[in-house]
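Numbering (the UniProt record's numbering), first residue to last: 1 to 176.
Note that the Cβ used here is the ideal one computed from N, Cα and C, for glycine as well.
Note that the structure is predicted; figures quoted are calculated from it, not measured.
Okay, structure first, notes after.
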């Protein structure tokens, strides 16, 4: 089971951008190790208290429109939100990398690593967040969509991963 280390927090420099920090639950750990094969050993390692050393940072951004349907408006909004996530995550990763820690993100559309080498697995933000956050979901045309508690289906999930200690991650997050 995932332990919440930092509850939902809004970024001060990004509008309608929320993150939380969790230990990685065992139900998600092997999947993540398969997504980032170059970091498998570090991802599967334990911290001094016996928890997974991997921290998962689910993020949500408020979308300008519901993302339940598919069309030009939704596609443009997803592209905009992906760019915002990548801008934010690069700032966080740069701080962690400069201190010698591993960090990466996955592309929410493909489930593949953005900075590192892709493995045999893909990461499903919705599946993992169902396990970690227990947010409401809806099946739309064979695709499961997650509802943010406040923004419902006008939200865009994406995830950052790191093996940095919580204090170091907290400092990196505070810089955004």
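| query | Of the choices 56, 138, 157, 172, whose alpha-carbon is the least far from that of residue 68? | reply | Residue mapping note: residue 68 aligns to position 68 of the chain shown, counting from 1. It is 138 whose Cα lies nearest to the Cα of residue 68.
| request: Identify, in the order they occur along the chain, each residue of the same chain with its Cβ nearer than 6 Å to the Cβ of residue 93, setting aside the five sequence neighbours on each side. | output: Locating residue 93 in the chain shown gives position 93, counting from the first residue. Cβ neighbours of residue 93 beyond the five flanking positions: 103.
| query | What does DSSP give as the partner residues of residue 160 in its beta bridges? | reply | The residue you call residue 160 lines up with position 160 of the chain shown. The partner list for residue 160 (beta bridge, DSSP) reads 57, 105.
| request: Might you give, ordered along the chain, the residues of its own chain that have their beta carbon closer than 6 Å to the beta carbon of residue 37, omitting 5 neighbours on each side? | output: Your numbering for residue 37 matches position 37 in the chain shown. Correct list, in chain order: 119.
| said: Using a 10 Å radius around the Cβ and a threshold of 16 neighbouring Cβ atoms, would you call residue 13 buried or exposed? | reply: In the chain shown, the residue the question calls residue 13 occupies position 13. By the neighbour-count rule (16 or more Cβ atoms within 10 Å), residue 13 is not buried but exposed.
| request: Could you pull out every residue in the same chain whose Cβ sits closer than 7 Å to the Cβ of residue 40, ignoring the five residues on either side in sequence? | output: Taking the first residue of the chain shown as position 1, residue 40 is located at position 40. Excluding sequence neighbours, residue 40 sits near 33.
| Based on the DSSP output, what are the partners of residue 168 in its beta bridges? | The residue given as residue 168 occupies position 168 in the chain shown. In DSSP, residue 168 forms no bridge with anything.
| message | Can you tell me whether residue 70 is buried or exposed? The criterion is at least 16 other CB atoms within 10 Å of its CB, across all chains shown. | response | Locating residue 70 in the chain shown gives position 70, where the first residue counts as 1. Exposed: under 16 other Cβ atoms inside 10 Å.
| said: For a minimum of 3 consecutive residues, which ranges assigned as the beta strand (DSSP E) are wholly contained in the segment 30 to 80? | reply: 55 to 62
| Can residue 122 and residue 112 be called in contact, C-beta distance under 8 Å? | One-based indexing of the chain shown puts residue 122 at position 122. One-based indexing of the chain shown puts residue 112 at position 112. Yes, they are a contact pair.
| query | Is it true that the CB of residue 23 sits closer than 8 Å to the CB of residue 158? | reply | Position 158 of the chain shown, counting from 1, holds the residue named residue 158. Position 23 of the chain shown, counting from 1, holds the residue named residue 23. Cβ atoms of residue 158 and residue 23: not closer than 8 Å.
| To the nearest angstrom, how far is it from the Cα of residue 11 to the Cα of residue 176? | Here residue 11 is taken as the residue at index 11 of the chain shown, counted from 1. Here residue 176 is taken as the residue at index 176 of the chain shown, counted from 1. Distance between the alpha carbons of residue 11 and residue 176 is about 7 Å.
| query | What is the residue span of the beta strand (DSSP E) that residue 148 lies within? | reply | If you number the chain shown from 1, residue 148 lands on position 148. Note, residue 148: premise wrong, no beta strand (DSSP E); not H, not E.
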